[in-house]
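Q: Take a look at this one; I'll ask things after.
Protein chains: 4
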Amino acid sequence: MKNSFGQSVIATLFGESHGPAVGIVLDGLAPGIDVSEDEIAWYLSRRRPSSQLDTPRREPDDFQILSGVFNGKTTGTPLCISIPNVNVRSSDYEYGLARPSHADYSAFCKFHGYEDYRGSGHFSGRITAALVAAGGILIPVLEKLGVTIGTHILQCGEARDRSFDDVAADVAMLHESSFPTLGSEAREAICAEIAKAREDSDSVGGITQSAICGLSAGVGEPWFDSLESMLSHAIFSIGAVKGIEFGSGFELAAMRGSEANDALRVEDGRIITETNRNGGINGGISNGMPIVFQCAVKPTASIAKPQSTVDFTRMENATIEIQGRHDPAIVRRICPVIDSVAALVICDALAMRFGTDYLAKGGSR
Amino acid sequence: MKNSFGQSVIATLFGESHGPAVGIVLDGLAPGIDVSEDEIAWYLSRRRPSSQLDTPRREPDDFQILSGVFNGKTTGTPLCISIPNVNVRSSDYEYGLARPSHADYSAFCKFHGYEDYRGSGHFSGRITAALVAAGGILIPVLEKLGVTIGTHILQCGEARDRSFDDVAADVAMLHESSFPTLGSEAREAICAEIAKAREDSDSVGGITQSAICGLSAGVGEPWFDSLESMLSHAIFSIGAVKGIEFGSGFELAAMRGSEANDALRVEDGRIITETNRNGGINGGISNGMPIVFQCAVKPTASIAKPQSTVDFTRMENATIEIQGRHDPAIVRRICPVIDSVAALVICDALAMRFGTDYLAKGGSR
Amino acid sequence: MKNSFGQSVIATLFGESHGPAVGIVLDGLAPGIDVSEDEIAWYLSRRRPSSQLDTPRREPDDFQILSGVFNGKTTGTPLCISIPNVNVRSSDYEYGLARPSHADYSAFCKFHGYEDYRGSGHFSGRITAALVAAGGILIPVLEKLGVTIGTHILQCGEARDRSFDDVAADVAMLHESSFPTLGSEAREAICAEIAKAREDSDSVGGITQSAICGLSAGVGEPWFDSLESMLSHAIFSIGAVKGIEFGSGFELAAMRGSEANDALRVEDGRIITETNRNGGINGGISNGMPIVFQCAVKPTASIAKPQSTVDFTRMENATIEIQGRHDPAIVRRICPVIDSVAALVICDALAMRFGTDYLAKGGSR
Amino acid sequence: MKNSFGQSVIATLFGESHGPAVGIVLDGLAPGIDVSEDEIAWYLSRRRPSSQLDTPRREPDDFQILSGVFNGKTTGTPLCISIPNVNVRSSDYEYGLARPSHADYSAFCKFHGYEDYRGSGHFSGRITAALVAAGGILIPVLEKLGVTIGTHILQCGEARDRSFDDVAADVAMLHESSFPTLGSEAREAICAEIAKAREDSDSVGGITQSAICGLSAGVGEPWFDSLESMLSHAIFSIGAVKGIEFGSGFELAAMRGSEANDALRVEDGRIITETNRNGGINGGISNGMPIVFQCAVKPTASIAKPQSTVDFTRMENATIEIQGRHDPAIVRRICPVIDSVAALVICDALAMRFGTDYLAKGGSR
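Heads up: the sequence lines are chains S, D, U and Z, in that order.
For the first sequence, the positions run 1 to 365 when our numbering is used.
For the second sequence, the positions run 1 to 365 when our numbering is used.
For the third sequence, the positions run 1 to 365 when our numbering is used.
For the fourth sequence, the positions run 1 to 365 when our numbering is used.
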């Protein structure tokens, strides 16, 4: 599958940072889904570098829907979105000098020097614009079905946001918010961490926390295609993510079963759990509680400080000082990307479970 | 795909805990691979409950190779291993009372009451015996190709083992060891944690750490089929795993780029990194360093203590006291399962990259 | 995928003719489907050599359901059927001498001599017993959903049966019949052709005609996964099939559009076509008419007459006289295999379209 | 998978006849493959309507490579080709009136009226331009590996071309020829058939014959992914194809085994068959002989003559006289499409067998 993901709703990515365009083909979407260019543009705007905390590279993210939409609705045939690259400064890049913790050297080993290295090529965060554009279609689809998705920065450097509390309300609030934190103090502390990193010609990592609310119980598979499997598979394709945990995740290691187990209870005619340490998933299958997961996001690999590295074309040690325009932290801009990828996974799972037409069921048909 | 995983080497699992058999079909194996029943039995013995720290259920794990092997070597056609279930005590299980943090309720929502609930049915850890049997073929295949895999308990409750240091040597040592820790003190501390949990009619969680050594640089894909994606996809199918991180994982959140980046260096004619905070993967592709990852393993959900729950067939609150035979900790027995699943992922990735015959290349052909 | 087929309902085959067993894993079946061992046995009996027209090899086809069935119904987890091989006479086979039009030489090129050559190994028609056993579950599933499938011998040597006329009635009749022809004269003529071939130590080919009735309009995909694509993909895995055509197929070559086009008409509130030269499929998608297709079946490759061939281990010309027990014609025994394979394709297409639970909808749930 | 095909080299189609563009994403191509825009243009020109025998719709087929090519060579990342639609006359089409033997009604049943019906939308032969553009990359790749592909019109109406004789030479000749027949008399007769059909406001069907030369023995799978399965799967996605047969195909029905079997012989140190009635495939696996197959191509469904049909939006009988611009025969323009689709199948099979880098092996690397 490589650059494709999904079984019933299938996304295929293409594009390089400094090539003509990046884009995505969404195949398997139900016919009759509303496609709003404004909504796509709005989601793209959430990913766009917009403040002095982000990279100075400014992309208008003008996109074109090449296929699959007719009279403002999906046709049910592949929907291709192309986003031309316009603000390109390739002279910033030189081939052979491996940027530490970037894919330069591993890509060379895989692609034998044929890779388009300019601006990280196909490894660029730029490709996530195509994912977010897809999110601009898929997230509204899920909302009509009662499923909402939201991601906030739980941690950045030493600064921490609170965890989800009333999850559905928190997710709704995130949707309205221009900066992805739950608390306003956290926002300030996180911005300060990022600003400090920038001042130091450095970058900083973080942790995101995401929730999927309203997903019915019974979605996912016991083996291999567990919900955790599908979500992690898709999310680990985002280069900066180096860890994922569901519910209490790594904290479960130090717990006893009697602490970790989520007691069940009947409430208002439905079954809920008192706690949600399993993150809404048991045996790979949704249990009706919010799906909650955290992702570890590494610091931007591109930093201006001098670093020890190699020139892999000459097999020589070298020093690199990375020029170019870079984010001091990825953790803010990654939030809408994670939302979009999660939406893709859930749309695919729902279409597999309930049939290809299901995704249009929430609409006005 | 559901109960299958892989693109060139494909594993399909089947079986329920109290049905006639559990098993696995391995498709896409190169012809000419040595298959040793002794080696399979040895790997199965590593997963088997063997001490008073584990469940008292004793399975001989007699297996039968139904197809795909001729004169002691793979034929290149599907290899089916069946492991009959013999030591079955179904009377321990009652339907409707959801065991907290088990799949009982989510499975009911998915399978509408038709699921074989006895002994957790298809959700049972018993199914991992089939994975480990496959590991008994795949791990030796990789060893002949110079790729070794090992997993140890990094943490259990409050007890901690040291991290990998000289990774290849540590992995070799683990292969010889009867208990999966790197340090002998850690072993004692971990056994004490488990014993204490048992005494308390409770269970305890843990963290495993795994390494894949000797994998050449250039394996994996930039988008969707990154090495992290494929490994996490496969490993999250093991029910007790609730988190995975590569390299420094969640610790990267508090780091600066200047700390987190792995400097590169030419050493003895090959390119290495000074540190390995990326866990041997950049941009989804192996960089030639050991692949290192940690998994969060939740405490065994089955505990003897009384717990609040529901009877989902009656939609009533209830209390459950779980009888039956259970491990007070999964973290020891999960180690060979993770090794086997990782071997499956790497075999598949190598066969996709280098062709279907590649896996037999390490042999005497 | 190799030995697997399907996207939502997935079949995985395993086994060699003279190994311990052949079998199939069916994954993705809805929970709650009735599984009748009698019905499976009945379908197997239709494929079994039963007269002097067939191979003298007699297999009781005792099968065992290893997983996925509980209380007589599918659980929704993988259903594995194993059929042990008992009546094995391996001494009939010698390695290296390529039987003309068999897979001996092509298999050697693929499997490098590791293939289990005894009784054609994994290429044996014996493996189709596993497909037919699956048909014993899937065909009744479809019947409950109003979809019936039937295959008859349209031609064998020079003898011809009539084409489908009242398709649904013909298919119902075939279900009751012990020999797959529509006309009784055709039956005699075909039996005579087969008997004659046997007397001449020779074999004879044929054409089958199949129909799938009651499939709703709107199933299939425009590109790549057209209904013709999926049916032909699955059916061409049966070794003896060398051609497939839908509707009027190759006869369309000599037609004008004005003859070939199927005029439409409203009848009893539904849309039908006057003729069915497109075989019920337009643009890859079912149009509500019966799906009708013909398969070319080559003469059994194993004949007792001396034939020119090579010993590929010695790279020498040679002559072969094939001993062993063989069918003088495959065309009768292939009919239930085609039905079963077609049922698999339709079950998969319906589950993709309408969701995984759909296949159990026809039942008493 | 739907609009995608392939396992290692994967093609994804998108586009509607009257939308902004049609296109294809090729994923999994080895890095370092030469991509010549001239060559792509040349292949597109072979599919383009060029004479009075074809549709008067004239598309310049200007294409743009959006990704995956750098310095004239594949990067190894997804290669997207977009072909804008420019010569569009949507007023020729009216919704609701089903054109007989077109996908109008079946598409309505699948897409519920949301389909882009203009110019047949996603069902249009226009989409095959994207396939042929891909062929402009893949066919040269195979040629460098010694594999050649060619298709000619074997029959059109009553006119017949001769069958392949010296297959490799015939294929080479077809590559040079501007009209796809082996004999020049056949060309005239076929052109006359087409011209006659046009004069009669009618259309005419045909049969193509294709060969793949130079494919090594041992490619393909015994079950489900036989070479016949993969080729037929891909080729049946071309809407006009209604039948496919390999080697002697349907003629085998009337043959005895003694006639049908291909005797083997050692010649010049390699094993060949005397005849090629199995079309180069035994047991689903190539045997080293040319792969030969014939496709039944139905007459163009769009004819100017009045036809009985229905208005499916009103559920009324109706009469249709199709305006617009149409080919009186598809059989000429389909030849390069079949070549391209066959090239895709073979590239995928080779990359699965020999690894992802294999396709660049024939180049100058």
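Quick reminder that beta carbons are idealized off the backbone N, C-alpha and C, glycines included.
When you check each C-beta in the segment 130–155 of chain D against every C-beta of chain U, which residues fall closer than 8 Å?
A: Residues: none.
Q: Name the chain D residues that come within less than 8 Å of S82(Z), Cβ to Cβ?
A: Those do not exist, as S82(Z) stays about 19 Å from chain D at its closest Cβ, beyond 8 Å.
Q: Near D225(U), which residues of its chain fall below 7 Å by C-beta distance, leaving aside the five closest residues on each side in sequence?
A: Closer than 7 Å at Cβ, skipping near neighbours: no residue.
Q: If the cut is a Cβ gap below 7 Å, which residues of chain Z does Q368(U) touch?
A: Shown here, chain U extends from 1 to 365; a query on residue 368(U) therefore has no answer.
Q: Note down the Cα distance separating K73(U) from I322(Z), rounded to an integer number of angstroms.
A: Each residue's alpha carbon lies about 52 Å from the other.
Q: So, does the CB of T77(S) fall closer than 8 Å to a CB anywhere in chain Z?
A: Yes - at least one Cβ of chain Z is within 8 Å of the one on T77(S).
Q: How would you label E16(D), buried or exposed, when you count the other beta carbons within 10 angstroms and need 16 or more for buried?
A: Buried, since its Cβ has 16 or more Cβ neighbours within 10 Å.
Q: Any idea if T77(D) is buried or exposed, counting beta-carbon neighbours within 10 angstroms, 16 or more meaning buried?
A: Its Cβ being crowded by 16 or more others within 10 Å, T77(D) is buried.
Q: Taking the alpha-carbon of G206(Z) as reference, which of E176(Z), L138(Z), A159(Z) has the nearest alpha-carbon?
A: The shortest C-alpha separation from G206(Z) is found at A159(Z).
Q: Please identify, using Cβ separations under 8 Å, the residues of the segment 205–237 of chain D that lie next to chain Z, in order along the chain.
A: Listed by position along the chain: P222.
Q: Spell out a yes or no on whether the segment 216–230 of chain D and the segment 164–182 of chain D are touching, meaning 3 or more CB-CB pairs, one atom from each, closer than 8 Å.
A: Verdict: no, contact absent.
Q: By Cβ distance below 6 Å, which residues in the same chain neighbour G288(S) in space, the five residues on each side in sequence not counted?
A: Within the same chain, G288(S) has close Cβ partners A217.
Q: Determine which residues share a DSSP beta bridge with E245(D) and list them.
A: Bridge partners of E245(D): G243(S), Q294(D).
Q: Please classify S366(D) as buried or exposed, where buried requires at least 16 other C-beta atoms within 10 Å of its C-beta.
A: One cannot answer for residue 366(D) here, as it falls past the ends of chain D, which runs 1 to 365.
Q: Tell me where the beta strand (DSSP E) around S201(S) begins and ends.
A: Segment: none, S201(S) is in no beta strand (DSSP E) and carries neither H nor E.
Q: How big is the Cα-Cα spacing for T309(U) and L66(S)?
A: Spanning the two alpha carbons is a distance of roughly 56 Å.
Q: Mind reading off the beta-carbon distance from A318(D) to V9(D)? Whole number of angstroms is fine, and I expect it under 8 Å.
A: Not really, about 45 Å apart at Cβ, beyond 8 Å.
Q: Helix, strand or coil for G150(U)? Go by DSSP, reduced to three states.
A: Correct three-state label for G150(U): strand.
Q: Starting from G135(U), follow the alpha helix (DSSP H) in both directions and report where the run begins and ends.
A: Where G135(U) is concerned, the enclosing alpha helix (DSSP H) stretches over 128–144.
Q: Quick one: using the 10 Å Cβ neighbour count with 16 as the cut-off for buried, is W223(U) buried or exposed?
A: Result: buried.
Q: Should E193(U) be labelled buried (16 or more other beta-carbon atoms within 10 Å of its own) or exposed?
A: Burial call: buried.
Q: Do D357(S) and I139(S) have their beta-carbon atoms positioned less than 8 Å apart in this structure?
A: No. Outside cutoff.
Q: Starting from V266(Z), find everything on chain S with Cβ-Cβ shorter than 9 Å and list it in chain order.
A: Here the premise fails: no neighbours, minimum Cβ distance about 39 Å.
Q: Which partner residues of V310(U) appear in the DSSP bridge assignment?
A: Paired residue(s): N317(U).
Q: Take M315(S) as the anchor and find which of A98(S), M255(S), K144(S), G183(S) has the nearest alpha-carbon.
A: Comparing Cα-Cα distances from M315(S) to each of A98(S), M255(S), K144(S), G183(S), the minimum goes to A98(S).
Q: Determine whether the Cβ of T273(Z) lies closer than 8 Å to any Cβ atom of chain S.
A: Chain S contact via Cβ: absent.
Q: Indicate whether at least one CB of chain Z lies closer than 8 Å to the CB of G125(S).
A: No, G125(S) lies away from the interface with chain Z (no Cβ there is under 8 Å from its Cβ).
Q: Ignore the nearest five residues each way along the sequence and tell me which others in S124(U)'s own chain have a CB closer than 6 Å to its CB.
A: These residues qualify, in order along the chain: S17.
Q: By a C-beta neighbour count over all protein chains shown, 10 Å radius and 16 as the cutoff for buried, is Y95(S) buried or exposed?
A: So Y95(S) counts as exposed.
Q: On a Cα-Cα basis, can you pick out the residue from G355(U), N278(U), P306(U) that is closest to G243(Z)?
A: Ranking G355(U), N278(U), P306(U) by Cα distance to G243(Z) puts N278(U) first.
Q: With a threshold of 8 Å between beta carbons, is Q7(S) in contact with chain U?
A: By this cut-off, Q7(S) is an interface position.
Q: With 16 other CB atoms within 10 Å as the buried threshold, where does S364(U) fall?
A: For S364(U), the predicted model reports a pLDDT of 43, less than 50, meaning its position is unreliable and no value from the coordinates is stated.
Q: Quick check on S286(U): does DSSP put it in helix, strand or coil?
A: S286(U): strand per DSSP, three-state reduction.
Q: If the criterion is Cβ atoms closer than 8 Å, does the pair S101(S) and G23(S) meet it?
A: No, the pair does not count as a contact, with Cβ atoms beyond the cut-off.
Q: Taking L13(Z) as part of the beta strand (DSSP E), name the residues at either end of that continuous run.
A: Here the beta strand (DSSP E) through L13(Z) covers 10–15.
Q: So is T208(Z) buried or exposed if we call it buried at 16+ other beta carbons inside 10 Å?
A: The residue is buried, with at least 16 neighbouring Cβ atoms inside 10 Å.
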